[in-house]
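Per my numbering, residue 189 is the first one in the sequence shown, and the count goes up by one each step.
The beta-carbon is built from N, C-alpha and C at its ideal position, and this holds for glycine as well.
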Amino acid sequence: MSVNHKLLNQGYAIKLSIRVWTLGYLSIIFNIITTRQENIFYELLKKVKSIYGYCIKNNEILGISSYRYVISDGGSLYKENGQIIIESASFRGADKYDIIHSNITTNLDFEKGKIIENDCIWIGHIPNHFGHFVLSLVSRLWCVDSFPNNMTIAYCGESIEYISKLSYVVDLFELIGVSIDRLLRVNDGDILSSVYIPNQAIIENYSSNKAINNFFEKFSKYNSEFISEEFVYVSKSNQSSGVFGIENEKDLENALVKKGLKVICFENLSIVEQLETWGKYKNFIGFSSSAFHLGSLLNDKNFIIINRDKSLSSNHYILDIFSNNRCFHLFSDLIESKENKDFNLYCRITDVEELAENFIDAIKSSIDGSLLPTRIDRKYKSASPFLICNDSIGEKISHSAVATQSSTYDVDEGKPREAQGILSGHLTGSYQCHTNFEDNPWIEINLSNLSMVNEIRIFNRNDSYDLFFRFGRFLILSSDDGYNYREIYSGNNNYEYSGSAINNPIRVCFSEDIISKHIKLVSVGYGCIHLDQIEIYGFHL
Numbered sequence: 189m190s191v192n193h194k195l196l197n198q199g200y201a202i203k204l205s206i207r208v209w210t211l212g213y214l215s216i217i218f219n220i221i222t223t224r225q226e227n228i229f230y231e232l233l234k235k236v237k238s239i240y241g242y243c244i245k246n247n248e249i250l251g252i253s254s255y256r257y258v259i260s261d262g263g264s265l266y267k268e269n270g271q272i273i274i275e276s277a278s279f280r281g282a283d284k285y286d287i288i289h290s291n292i293t294t295n296l297d298f299e300k301g302k303i304i305e306n307d308c309i310w311i312g313h314i315p316n317h318f319g320h321f322v323l324s325l326v327s328r329l330w331c332v333d334s335f336p337n338n339m340t341i342a343y344c345g346e347s348i349e350y351i352s353k354l355s356y357v358v359d360l361f362e363l364i365g366v367s368i369d370r371l372l373r374v375n376d377g378d379i380l381s382s383v384y385i386p387n388q389a390i391i392e393n394y395s396s397n398k399a400i401n402n403f404f405e406k407f408s409k410y411n412s413e414f415i416s417e418e419f420v421y422v423s424k425s426n427q428s429s430g431v432f433g434i435e436n437e438k439d440l441e442n443a444l445v446k447k448g449l450k451v452i453c454f455e456n457l458s459i460v461e462q463l464e465t466w467g468k469y470k471n472f473i474g475f476s477s478s479a480f481h482l483g484s485l486l487n488d489k490n491f492i493i494i495n496r497d498k499s500l501s502s503n504h505y506i507l508d509i510f511s512n513n514r515c516f517h518l519f520s521d522l523i524e525s526k527e528n529k530d531f532n533l534y535c536r537i538t539d540v541e542e543l544a545e546n547f548i549d550a551i552k553s554s555i556d557g558s559l560l561p562t563r564i565d566r567k568y569k570s571a572s573p574f575l576i577c578n579d580s581i582g583e584k585i586s587h588s589a590v591a592t593q594s595s596t597y598d599v600d601e602g603k604p605r606e607a608q609g610i611l612s613g614h615l616t617g618s619y620q621c622h623t624n625f626e627d628n629p630w631i632e633i634n635l636s637n638l639s640m641v642n643e644i645r646i647f648n649r650n651d652s653y654d655l656f657f658r659f660g661r662f663l664i665l666s667s668d669d670g671y672n673y674r675e676i677y678s679g680n681n682n683y684e685y686s687g688s689a690i691n692n693p694i695r696v697c698f699s700e701d702i703i704s705k706h707i708k709l710v711s712v713g714y715g716c717i718h719l720d721q722i723e724i725y726g727f728h729l
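Below, the structure written as structure tokens:
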């Protein structure tokens, strides 16, 4: 096997260390000592630079909620008063996405459907797409062993007759101990008399929870006792439609076979055969695909994934946050986009031999340590103002902050008036700070350190209809030093008065990175500030 001539021509000093490595037959491991810091394949295979979506790691203990007499509509469940049960909804956290399939508010018809008397576990929508189905399975059924093995599993989506024909759905349910006979389709208007709703362990393109470790334990049993170190190319070439297709992938496969790689098309295999095949090998390379979702569940694998562009899908990333998998996410300039009505994204490899050579370079670099697993420093931001009301968008960085205000109300009404009350950490429904009546009153929060501010929540007093609307138009200003400020938000109090101590906050989520040490809230015009709480979420830098 000859040394890659491109490396020699670029002035690299190369020290060769030859040992046997299973990469087809025999491979030479290159310990590269370079005169530059770039990866050896830096020209054509590059590390991804960003992530599509979010990648929140959630270590909280997930709960299971129980409800009686709820109604189904559009893929979610609603209480008798028409309020959505937020944990029953499906979310996708990529930019501009929020709740999918259902609305926050809707017109419900309690006379439309049937009453389901069975005790049910709610799993929501069953997608008819392999990759999304794997994620939805992990998301809701992390707790399946906590329930009797004959309890009804309620879902929405295609008919049970249709789902029964999707072999991967039937097989994966069976593998986690769920017979397809337990499934019950719930239609819009149906009323569930008793239902248990597991919190989601995975919110697509947004977050994952440590509860997915339950699935790693279930699927790791498919790993062989003797696992081959041979690299396998994960083929997509037999797909006739889907999300991502490559026009001349067969040519690439032929080139890789000549270089000693094994090629496997997982779509040709049953689910059990797929799992057994994932279990035989440790090392895989291929274009981004849903097949990797299933492989990830076996844990302790090495994946080199070639993405369609410089951004990787966070669904790949969040599935591996809690795993022992080592994932290398790369992209190539040797891929050009094309039109194909059967694929959402379609491309063509412009130089097959060159890309195959790059693949081999990437494999060598992952082995010798010059290529490290991908780590994305993606700041955690709220994907939607509706997204799980109490989730922590980063950390609550205001709890140890210091608050000041433009003045302190002269009249003692037996309630907190000083600025620091705004950060007490609990809601009263009334005010916990109060300025005098003046022009443009303000309250400022000193975070002590420069911080990434992702979200600000303002809880208005909620004990009087007239006093609630004293807080009207407002500005939010930011400063690094407490002297020079810039406006980062302008808004109005358009929220409904509820009269409840636990009221909905005004949620201000930022689309750009806000780096700040001082956050100042200004009430525009003549008046006073008398609020219940302010919370700021983000990260200290």
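A distance below 8 Å between beta-carbons, with the five flanking residues on each side excluded, links Lys-584 to the following residues of its chain, in chain order: Glu-723, Ile-724 and Tyr-725.
The beta carbon of Glu-541 is closer than 7 Å to those of Ala-443 in its chain, skipping five residues each way along the sequence. The beta carbon of Lys-526 is closer than 8 Å to those of Glu-435, Tyr-534, Cys-535 and Arg-536 in its chain, skipping five residues each way along the sequence.
Looking only at Glu-413, Ser-458 and Ile-303, the smallest Cα-Cα distance to Ala-479 is reached by Ser-458.
With contacts defined as CB atoms closer than 8 Å, Leu-233 and Asn-546 qualify as a contacting pair. Exposed is the label assigned to Asp-668, since fewer than 16 other Cβ atoms lie within 10 Å of its Cβ.
For secondary structure counted as the beta strand (DSSP E) over 3 or more consecutive residues, the segment 625-657 holds these complete runs in sequence order: 630-648.
With a threshold of 16 other beta carbon atoms within 10 Å, Ile-473 meets it and is buried. According to the DSSP secondary-structure assignment, Trp-310 is paired through a beta bridge with Ala-342.
Pairing Ser-396 with Lys-245 gives a Cβ-Cβ distance under 8 Å.
For His-728, the enclosing beta strand (DSSP E) has its first and last residue at 719-728. With a threshold of 16 other beta carbon atoms within 10 Å, Val-420 meets it and is buried.
Counting along the chain, no beta strand (DSSP E) covers Gln-462; the unbroken alpha helix (DSSP H) around it starts and ends at 459-468.
If you check the CB distance, His-517 and Asn-503 do not come in under 8 Å.
The residue from Asp-307, Ala-277 and Leu-486 with its alpha-carbon nearest to that of His-313 is Ala-277. By the criterion of a C-beta distance shorter than 6 Å, Asp-530 is surrounded in its chain by Ser-429, once the five residues flanking it on both sides are discounted. Around the beta-carbon of Tyr-255, 16 or more other beta-carbon atoms lie within 10 Å, marking it buried.
The three-state reading of DSSP puts Ser-396 in strand, counting E and B together.
Inter-segment contact for the segment 251-265 and the segment 375-393 is present: three or more beta-carbon pairs are separated by less than 8 Å. Selection Ser-501, Ser-476 and Phe-510 evaluated against Asp-488 yields Phe-510 as nearest (Cα-Cα). With contacts defined as CB atoms closer than 8 Å, Lys-468 and Ser-412 qualify as a contacting pair.
Straight-line measurement puts the Cα of Pro-561 at about 48 Å from the Cα of Gln-620. Short of 6 Å from the beta carbon of Leu-372, and not among the five residues preceding or following it, lie these beta carbons of its own chain, in chain order: Thr-340 and Ala-342. Taking all protein chains shown into account, Thr-538 has fewer than 16 neighbouring C-beta atoms within 10 Å of its C-beta and is therefore exposed. Taking C-beta atoms as the reference points, Ser-476 and Ile-452 fail to come closer than 8 Å. In the structure shown, the three-state DSSP call for His-622 is coil.
Runs of the beta strand (DSSP E) spanning 3 or more residues and lying entirely within the segment 466-495 occur at 469-475 and 490-495, in chain order. Cβ-Cβ separation between Gly-251 and Asn-387: approximately 5 Å, consistent with a contact (criterion under 8 Å).
Counting only runs of at least 4 residues, the segment 326-392 fully encloses the following alpha helix (DSSP H) elements, listed from N- to C-terminal order: 348-352 and 355-363. Gln-462 counts as buried, since no fewer than 16 other beta carbons sit within 10 angstroms of its beta carbon. Here Lys-245 carries a strand assignment [DSSP, helix/strand/coil].
Lys-424 is the residue among Ser-238, Lys-424 and Arg-649 whose C-alpha sits nearest the C-alpha of Gly-433. Assigned with DSSP and collapsed to three states, Tyr-410 falls in helix.
Relative to the Cα of Cys-243, the nearest Cα in the group Ile-391, Gly-365, Asn-295 and Ser-352 belongs to Ile-391. Taking 8 Å as the cut-off, the Cβ atoms of Asn-490 and Arg-514 count as close.
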